[in-house]
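One structure is given here, and the rest of the page talks about it.
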Ligand code: 5MM
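Residue numbers (the numbering used here): 1158 to 1491.
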């Protein structure tokens, strides 16, 4: 059996983080549309190539979360992407959920799909080079009404079931219960929802004996809703986020990674930096790092615009952002 705890620890190694390059075909299409590129299997391959074959990314990245399509694609020089990452000493991972569907009795809330055939899908993913996996649940806030207890519980149960199957297949699970930024709620409401959701996730994890030492938690930061008209200072974000996570993430979990969730690259960088500083000051038992998609890729994408001639400049912009984000991280881990 593979040492899942060691793999989890490698993912949160000092001064390194994760690139979430796991946008589904639909989301990748939206990202490509922002720079005027039509979405086809080949343009999505070029989009992945832009980031995955950037020289020196191994200095900043411990792992990359891939989408199923990318796991089977290759670089310009014909090297399968998982192999290309392994050559750079970067762990390849795979998003294994199959997106969301509306809950039967709540048109505004969703549950994440993909458990039915998950067991059969995991062995081939591992054979293709994946060493870890990710499953995203979406938790929506609407005033005091949402999220419903039912949506939290159903998503938590599915996250735990997924995590157990991944571990049994020799793959580290990253459990991502994303609390959405959209809405006019306060930062403190987000903090409460993060706590309630994480408590439900760990209760479900413990119910079926998932190994907490061999999983990673991916979380939102505690921010005011994007329609609240309020921009939190990095110190406010750090206070609320660290307090929430300390209250509900058990000490034997090796790592906590953040999603950027629609924050600008600078916001996601500055907020992470403040979180890291506070976490070091107050002491947290797990390692912390980033697992960003938009905050790492969006600036580079707008330089690239699908043109070969822009690849070099776009890669320079990507590296610049990686340097800024990893500068926020401490030199040592737990
Ligand atoms: C929340 O999305 C995750 C992190 O991305 P950001 O840093 O941009 O918030 C990301 O890993 C996400 O799960 C993937 O992009 C897949 O999303 P879709 O919607 O395509 O399943």
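Think of the CB as a built atom: it goes at the ideal place given N, C-alpha and C, for glycine as much as any other residue.
Here the structure is a predicted model, which is why all the values come from computation and not from measurement.
{"Query": "Within 8 Å, strictly: CB atoms of residue 1160 and residue 1291", "Result": "no"}
{"Query": "The ligand 5MM heavy atom lying under 7 Å from the CB of residue 1452", "Result": "yes"}
{"Query": "Beta-ladder partner(s) of residue 1334, from DSSP", "Result": "1294"}
{"Query": "Which of helix, strand or coil DSSP assigns to residue 1286", "Result": "coil"}
{"Query": "Beta-carbon gap between residue 1185 and residue 1373 smaller than 8 Å", "Result": "no"}
{"Query": "Local Cβ density within 10 Å of residue 1376, reported as buried at 16 or more and exposed below that", "Result": "buried"}
{"Query": "Backbone secondary structure at residue 1362 - three-state DSSP", "Result": "helix"}
{"Query": "Closest by C-alpha distance to residue 1400, when choosing among 1219, 1344, 1366, 1274", "Result": "1344"}
{"Query": "Contact check, residue 1249 vs residue 1287, beta carbons under 8 Å", "Result": "yes"}
{"Query": "In chain order, each beta strand (DSSP E) run of at least 3 residues that lies wholly inside the segment 1371-1407", "Result": "1373-1376"}
{"Query": "Spatial neighbours of residue 1415 in its chain, beta-carbon cut-off 7 Å, leaving aside the 5 residues before and after", "Result": "1376, 1378, 1429, 1447, 1448"}
{"Query": "Local Cβ density within 10 Å of residue 1187, reported as buried at 16 or more and exposed below that", "Result": "exposed"}
{"Query": "Residues bridged to residue 1258 [DSSP beta-bridge criterion]", "Result": "1268"}
{"Query": "Sufficient close CB pairs (3 or more, under 8 Å) joining the segment 1239-1246 to the segment 1207-1220", "Result": "yes"}
{"Query": "Top-ranked residue by Cα proximity to residue 1465, from 1162, 1202, 1363, 1226", "Result": "1202"}
{"Query": "Span separating the alpha-carbon of residue 1417 from that of residue 1234", "Result": "31 Å"}
{"Query": "Cβ distance (whole Å) where residue 1384 is taken to contact residue 1341 below 8 Å", "Result": "4 Å"}
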